[in-house]
Every structure is written in C-alpha cells, then in structure tokens.
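Working notes for the structure below.
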Amino acid sequence: MEPYTATEIMALTAGSLVQNNDILFAGTGLSMLAATVAKRIHAPDAIVFFETGGIDPSLEELPLAVADPRVMVGTSVNSGLADALSILGHPKFRTIAFLGAAQIDCYGNLNSTMLGTYENPEQRFPGSGGACDAASLAYGIIVFMQHEYRRFVNKLDYFTSPGWLSGYNSRREAGFLRGGPMAVVTNLGVLKFDDITKMMYLDQYYPFTDPETIALKTGFSLDISRAKKCSPPKEDELKMLRQEVDPQRLILGPMPG
Amino acid sequence: MTDKIMTARKAVDTFIKDGDQIALGGFTVNRNPMHIIREIIRQKKKKLYLVVHSHGQGMELLIGAGCVERIELAYGGVARFAPTGYLFKKAFKDKTIEVEDYSNYQMTLRFMAGAMGLPFIATKSGLESDIVRKFGFSPQIRGKGKIPEHKLKVINDPINEDGGKVVVLPPLNPDVALIHAQYAGEKGTIRINGLSFADIEQAKAAKTVIVSCEEIVPEDYIRQDPDRNSLAHFIVDAIVPAPFGAHPTACHMYYDYDPNHLNYFKKIAQNQDSFNRYLDEWVYPFETMEDYLTKVGFKDLLKIKANSALGYAPGLDRR
C-alpha cells in the first residue's frame, strides 16, 4: 500500500461526496483540491464556481486563492461577487459549498471569525467571507476541519455560519429555505448529521485511526456507534492528485514519510 | 488628454481627506489598488473608514501604516500567504481599529443598494448568526457621520407572510472608491478584464471614483467595443496611469501575484519594526511607478508577467 497523508485522504474523501452535475462552490485550500479531484475522477460534469465570479474555469493550474487569476481562465462567464453569490441560493441548482472553519459545534454551526469577544478579543480569523452566505443559501455544505478537541466545541466563541442551528427543525423554523451541513471531513474521518436530531455522528474513520481516538478529540459527546472503517485511497487516485492536481504540493504539503 | 488624468499624488491630495469612508476594489491577492494605497500612506492620511468585502494586501498596508480607524468587512486575509492578515489580526486584538463583521454577499448587496439608491436591501444570509447578533462598533458612534444607525435588522418578510425572517442591510455610499483596472479611456470609460469582484458596484455607489490603470487608451478606441466596458466615463473622477499598479497583487492578462514579494511581506508583517522598515524601503521613497518598479526589478517582473493566452504566469513558483 502506497503511504499517504491525512490531507491527501481528506481531499479524495471529500471529492467522493460530490455527485456529477453538482454545482460546487469552492474556497481556498482543501476545497480547491476536493473540487478538482471530483471533476477529474467521477464527476466530470460537476461545475466549479468561485464567489469572486469565476464560473466553471478550466483549472489547469491549481488556484491558491478564490481571486487567483487561475479562476478566470476557460470559464463560461467571468463575473463578480453579486452574480456568483446569487447562484448559491438559486432553487434550481444543487449547489454544494466546501467550507473550512476554526470551530464547529455538534450541529455543524461554524466559527471563522474570532475567539473571545469584540470587547476582549483573543484571536482573530479572517471572518465570514462568503462562508455565511454559502451556509445560509446553498443546497448543502461540506466542512473541512482539523480534528482537535479545541475545534469541536460545545459552544462557538462566535457563530459565523449557520449549520443545523439547534437541531431538529430549527433551521427551517428560523427562516432558511433549504441547506444545512451534509458532512464534516476531518484529518481523522468523516462525520455526518442524524436525519432527525441533526446531531453530528461519526460515519467513517480513516484506516490509521479508530473511533475512540476520534471521540477523545471531540469536545462534545459524539455518537460513534455507526462508524465504519474507510478504505485507503486508491493508487490511481492518489497519483492523479499528486501529479495532476497539485504537483507543486502547494496545498498538499510535504509528501508522506 | 483630459483633466481627469493625473498622478497618484494629485488624486489622493485632491480627493481623499482624513476620516473618509473608502471602498477598496480588488479581492485578497488580485487587483488591489496598491499604487494609490502607497500614496495614501505617503500622504499620511488618518482615521480612514474602510468598507470592503474580502480585502487583502492593500488593507494590510493601510492598517499597518496607521491610516485606518474602522473597517466594515467580510474577510481580512491575503489567501495562502496570510490566511488572516497579520496586521489586521494584530490591530483587531490590540483594539487599535474598530471592526464590524458582515458576509461577502451582504457587503456586495450593500454596495449595490448604495449604487441603486435603495434605502435598504434584504437577504436570507446570516439569520441566527452572530453577524446579526453581535456588534463590533460601539453604540456611541452609531448614526454618526457615515456610520449607519443600525448594523442591520432582522425583520419578518414584509411582502410574503410565509417568507419568515429576513436580514435587512443599510446601503453603502462611500466617499471614495479606489479601483485598479486594466484599461481607461482618456475620458474615463473603464474596462476591467477578468473578474470584476464588486468593483463596479463599489464605483457606482461612491461619491468619488479614483481608477488607476495599466493603460490609458484613446477614448474612441475603447468605445469601438463598448460591450466589454465596465464603467461609463462620467462616473470616474480621476484616472491614474499605473502600469503594474496592483503589484504585488495580480492583474488578469498583465501579471500574476508576486509570490516572492508576498512571502517576504508575510515575514516582515509579523513585527511592527520590520513592517516600518518595509514602509521605509518599499513605500515612502517611490512616488512613481517607474521608481517602484525599478526597486522590484526586471527579474521578478518577468517572472510574474502574464501569458497572453492564459492571463497568468504558467509554472510560476508559488511556494
């Protein structure tokens, strides 16, 4: 078995959650990899668009930013934020957004703004960008997280982007027309949300870890009873990711070992 | 030549005052109006009130140089070079700036509302979040000057009884919008290539519009293909010729972002002394693009020169 890194299996796993014909809202970093992976492996008709206005670019070189000139080439349309962000909530489209965050709670609500408060700030993150918009308006979101106790929290320091709010039917009752988190892809496994309670549970764990370790790294009580072991990445997929998607390892980082 | 064409020094001196509300065009690492921003720093403008969606390098410089008092924004970062801008982060933690958080769509809608003369604009984005529940600006300053009386309000859909809650947002009409474009006609018709971000909405919403550009072309030339133009000439108040004027950020079809410079900036931005030395080395001495570009050097400029088929520099080492 070819050794692989957590980032590599994250990108491939997240990519596999995409369906052909999905309209993907990609951010920076891992989400760029996952979207590109999906398009090259099993969802060639998936459309990738960026909040900056780049609609379905050819992505011959990996963009490092949503405003990278690489999102402006081979596009169907080059537009702007108003146009791109209005696609998110269009009821005609199954728009799936990839988002990252600094903190997540058990209902998939996200913090990408700060730790502490405006009065007593402890740490500052970039802020919503388009994350709150995607979480509010898209058909669904897939979240990338580093699986750490301090990031999987009972209560967010700042609530930037709405997930399932307080579970059950609360999202619809709050006035949202659709959406909600579909999955959380971490460096240890994949978490999903219960159909009824909308609480997070462990769906899959990577071959190099186990459900108990993951529960210990989660700051809230996590249902691990439904967890299945995930298969390691296929060699041809790994090769494609390394040789075609991110040959400079700009996002993948160092090779394994 | 028309009287709109002027140097950065004259444009900033004529149109930007301490305390002005300023919309910055561009997005994180692309088409930041850097030449104008460096001139603002040279003229030591103070207490600026920035209104941006996702801003990067330009905002970092202005904050670090002490020109900024408050910001309404959705995102403060320089992509992978600084996922959260170091100078933004520091100023936020030290509370040397006041920050109000919105989302990208909300900020874009606010510029659009300003441009269209709407009293407010509504969206579903942000319901139940801390964006609608928490406030960064102190209540004492609300309603003063350009600061809206309310950050936003959550109301019942006033049209559709079954529509549930909506977020209503105040419009933005900045004193000045700063845009960097590829082309300007002599009379001010502007053509932006590639993504326009929210530059067009920002320019239309603003009282005064300063556009720096890669090239000034004859007005009758830019009017031969008006389908491709972005802004009508009379919207623009000042045109500043500035080849490579967005450096170290990118300008589609002209040059890529400059990874060498942005990686260097990332290092120096982590400490005020080294940032001040950066200003002494890269900002204060160079009033013209010619002098600034001499400092950047041919070698680095050629590395980032865009391929004319792709619009970026293929194979550029971006590590």
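Going down the list, the sequences are from chains G and A.
With our numbering applied, the first sequence covers 1 to 257.
With our numbering applied, the second sequence covers 258 to 576.
We treat Cβ as the ideally placed atom computed from N, Cα and C, and that holds for glycine.
Fill in: For Leu375 of chain A and Val389 of chain A, believed in contact at Cβ under 8 Å, the rounded distance
About 19 Å separates the beta carbon of Val389 of chain A from that of Leu375 of chain A, a gap too long to meet the 8 Å contact definition.
Discussion item. Closest to Gly29 of chain G by C-alpha separation, out of G:Thr160, G:Leu165, G:Thr7 and G:His90, would be which residue?
Written reply: The shortest C-alpha separation from Gly29 of chain G is found at G:Thr7.
Discussion item. Spatial neighbours of Ile449 of chain A within its chain, please: C-beta separation below 7 Å, excluding the five flanking residues on both sides.
Written reply: Ala438, Gln439, Asp456 and Ser487.
Worksheet entry | Best match in A:Phe532, A:Pro542, A:Arg575 and A:Leu567 for proximity to Lys347 of chain A [C-alpha to C-alpha] | In terms of Cα proximity to Lys347 of chain A, the closest of A:Phe532, A:Pro542, A:Arg575 and A:Leu567 is A:Phe532.
Worksheet entry | N- and C-terminal bounds of the alpha helix (DSSP H) containing Pro211 of chain G | Pro211 to Leu216
Worksheet item: Going along chain A in order, which residues have a C-beta closer than 8 Å to the C-beta of Ala34 of chain G?
Response: Near Ala34 of chain G there are no residues of chain A at all, since even the closest Cβ is about 16 Å away, more than 8 Å.
Discussion item. Assess contact between the segment 208-221 of chain G and the segment 139-158 of chain G, defined as three or more Cβ pairs (one per stretch) separated by less than 8 Å. Is contact present?
Written reply: yes
Discussion item. Comparing C-alpha positions only, which one of A:Leu536, A:Pro431 and A:Asp484 sits nearest to Lys461 of chain A?
Written reply: Distance check between Lys461 of chain A and each of A:Leu536, A:Pro431 and A:Asp484 places A:Pro431 closest, using alpha-carbon atoms only.
Discussion item. Going by DSSP, what residue range makes up the beta strand (DSSP E) through Met200 of chain G?
Written reply: Met200 to Tyr205
Worksheet item: What residues from the segment 52-66 of chain G come within 7 Å of chain A, judged by C-beta to C-beta, listed N to C?
Response: Thr52, Gly53, Gly54, Glu61, Leu64 and Ala65
Discussion item. Which residue marks the beginning of the beta strand (DSSP E) containing Val185 of chain G, and which one marks its end?
Written reply: Pro181 to Thr186
Worksheet item: When the cut-off is 8 Å and only beta carbons count, does Tyr206 of chain G lie next to chain A?
Response: no
Practice prompt. Identify which residue in A:Arg299, A:Pro340 and A:Gly282 has its Cα closest to the Cα of Gly80 of chain G.
Written response: A:Gly282
Item to complete: Please state whether DSSP places Tyr168 of chain G in a helix, a strand or coil.
Response: In this structure, Tyr168 of chain G counts as coil in the three-state DSSP scheme.
Worksheet item: Using a Cβ cut-off of 9 Å, which residues of the segment 224-254 of chain G contact any Cβ in chain A, in chain order?
Response: Identification of residues in the segment 224-254 of chain G having a C-beta nearer than 9 Å to some C-beta of chain A yields Gln248, Arg249, Leu250 and Ile251, given in sequence order.
Worksheet entry | Status (buried if at least 16 other CB within 10 Å, exposed otherwise) for Lys39 of chain G | buried
Worksheet item: In the segment 321-342 of chain A, which residues sit with their C-beta less than 7 Å from some C-beta in chain G, listed in chain order?
Response: Leu330, Ala331, Tyr332, Gly333, Gly334, Ala336, Arg337, Pro340 and Thr341
Discussion item. For Val73 of chain G, would you say it is in contact with chain A, using Cβ-to-Cβ distances shorter than 8 Å as the test?
Written reply: At least one chain A Cβ lies under 8 Å of Val73 of chain G.
Worksheet entry | Other residues of its chain near Asp83 of chain G: CB distance less than 7 Å, five sequence neighbours each side excluded | Gly53
Worksheet item: Per DSSP, what kind of secondary structure is Met263 of chain A in: helix, strand or coil?
Response: coil
Worksheet item: Hey, is Asp68 of chain G's beta-carbon within less than 8 Å of any beta-carbon in chain A?
Response: Yes, Asp68 of chain G counts as interfacial toward chain A.
Worksheet item: Do the CB positions of Ile141 of chain G and Met182 of chain G come within less than 8 Å of each other?
Response: yes
Worksheet item: Counting only runs that start and end within the segment 395-453 of chain A, where is the beta strand (DSSP E) found for 3 or more residues in a row?
Response: 410-413, 422-426 and 433-442
Worksheet entry | chain A contacts from the segment 129-163 of chain G (Cβ-Cβ distance under 7 Å) | Gly129, Gly130, Cys132, Asp133, Ser136, Leu137, Tyr158, Phe159, Thr160, Ser161 and Pro162
Worksheet item: Any residues in the segment 105-131 of chain G with a beta carbon nearer than 7 Å to a beta carbon of chain A? Which ones, in chain order?
Response: Thr113, Tyr118, Pro121, Arg124, Phe125, Pro126, Gly127, Ser128, Gly129 and Gly130
Fill in: Counted within 10 angstroms of its Cβ, other Cβ atoms place Asn78 of chain G as buried (16 or more) or exposed
buried
Discussion item. 8 Å is my cut-off, CB to CB: does Asn78 of chain G come that close to chain C?
Written reply: Looking at the structure shown, chain C is missing, and the protein chains on hand are G and A.
Worksheet item: By the criterion of Cβ-Cβ separation under 7 Å, what are the contact partners of Ala82 of chain G in chain A?
Response: Thr365, Met369, Ala455 and Glu458
Worksheet item: For Ile412 of chain A, does the count of other Cβ atoms within 10 angstroms reach 16, so buried, or fall short, so exposed?
Response: exposed
Worksheet entry | Length of the line joining the Cα atoms of Pro63 of chain G and Tyr511 of chain A | Taking the Cα positions, Pro63 of chain G is about 17 Å away from Tyr511 of chain A.
Worksheet item: Below 8 Å, can you find three or more Cβ-Cβ pairs linking the segment 472-479 of chain A to the segment 45-52 of chain G?
Response: These segments do not touch.
Worksheet item: Taking just the CA atoms, how far does Ala570 of chain A sit from Pro405 of chain A?
Response: 42 Å
Practice prompt. Name the one or two DSSP bridge partners that Leu121 of chain G has.
Written response: Position check: residue 121 of chain G holds Pro in this sequence, whereas Leu was assumed. According to DSSP, Pro121 of chain G bridges with G:Gly116.
Worksheet item: Counting only beta-carbon atoms, is Thr28 of chain G nearer than 8 Å to chain A?
Response: yes
Worksheet item: Roughly how many angstroms lie between the CA atoms of Trp164 of chain G and Lys198 of chain G, to the nearest whole one?
Response: 6 Å
Worksheet item: Along chain A, in chain order, which residues have C-beta atoms closer than 8 Å to that of Ala14 of chain G?
Response: Neighbours of Ala14 of chain G on chain A: none; closest Cβ ~18 Å, over 8 Å.
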